[in-house]
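Student:
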Amino acid sequence: MTDMDRISISLPSKLLKEFDEIIAERGYASRSEAIRDAIRDYIIKHKWIHSLEGERAGSISVIYNHHASDVMEKITEIQHNYTDIIVATLHLHLDHDHCLETILVRGDAKRIRELTDKLTAQKGVKQVKLSVMVPGGQIPE
Ligand code: NI
Numbered sequence: 001m002t003d004m005d006r007i008s009i010s011l012p013s014k015l016l017k018e019f020d021e022i023i024a025e026r027g028y029a030s031r032s033e034a035i036r037d038a039i040r041d042y043i044i045k046h047k048w049i050h051s052l053e054g055e056r057a058g059s060i061s062v063i064y065n066h067h068a069s070d071v072m073e074k075i076t077e078i079q080h081n082y083t084d085i086i087v088a089t090l091h092l093h094l095d096h097d098h099c100l101e102t103i104l105v106r107g108d109a110k111r112i113r114e115l116t117d118k119l120t121a122q123k124g125v126k127q128v129k130l131s132v133m134v135p136g137g138q139i140p141e
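Quick note: the sequence shown uses UniProt numbering, first residue 1, plus one each step.
Shown next, in the form of structure tokens:
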């Protein structure tokens, strides 16, 4: 049998409730198995982002709660360090609490990845989606 480690984690009740509803819907036999799958997805996503190389163009979309401490300032500050790859930023006020910021990027994949990682790790950020393509000339007709 595979080696198993037992961990204990703290989660906001609302987050756990939503997770439990989803795993019930998906028919998971145990919460542990669902958490293992979620962690595997997290690892695969990370590995995909870190396998990107060369020039890319695309977008990084970030959803955050603008009431959460200084998240807005932090996100702006991070972006000011990546002016070499940021083409434009769109800001949408989603609802009373949430903002969606879509950052259009073009440049070295490593820089795009770095920016994505920094935004993802920022406290108050709820979701980050990276979508990139290889800019023209390299796509087969
Ligand atoms: Ni806003």
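Using N, Cα and C, we set each Cβ at its ideal position, and we do this for glycine too.
(1) Apart from the five residues just before and just after G124, which ones in its own chain have a Cβ nearer than 7 angstroms to its Cβ?
(2) How far does the beta strand (DSSP E) with S59 in it extend, from its first residue to its last?
(3) Can you find a heavy atom of the ligand NI that lies under 7 angstroms from the Cβ of H91?
(4) Just the C-alpha distance for V134 and Q79, rounded to the nearest angstrom, thanks.
(5) Count the C-beta pairs between the stretch 52-62 and the stretch 103-115 that are closer than 8 angstroms, then say yes if the count reaches three, no if not.
(6) Measure from the C-beta of S51 to each C-beta in chain B and report whether the shortest distance is under 8 angstroms.
(7) Among the candidates V87, I23 and K126, whose CA atom is the shortest distance from the CA of A38?
Tutor: For this structure:
(1) Y64, N65, A68, S69 and V71
(2) E55 to N65
(3) yes
(4) 22 angstroms
(5) yes
(6) Any reference to chain B falls outside this structure, which holds one protein chain only.
(7) I23
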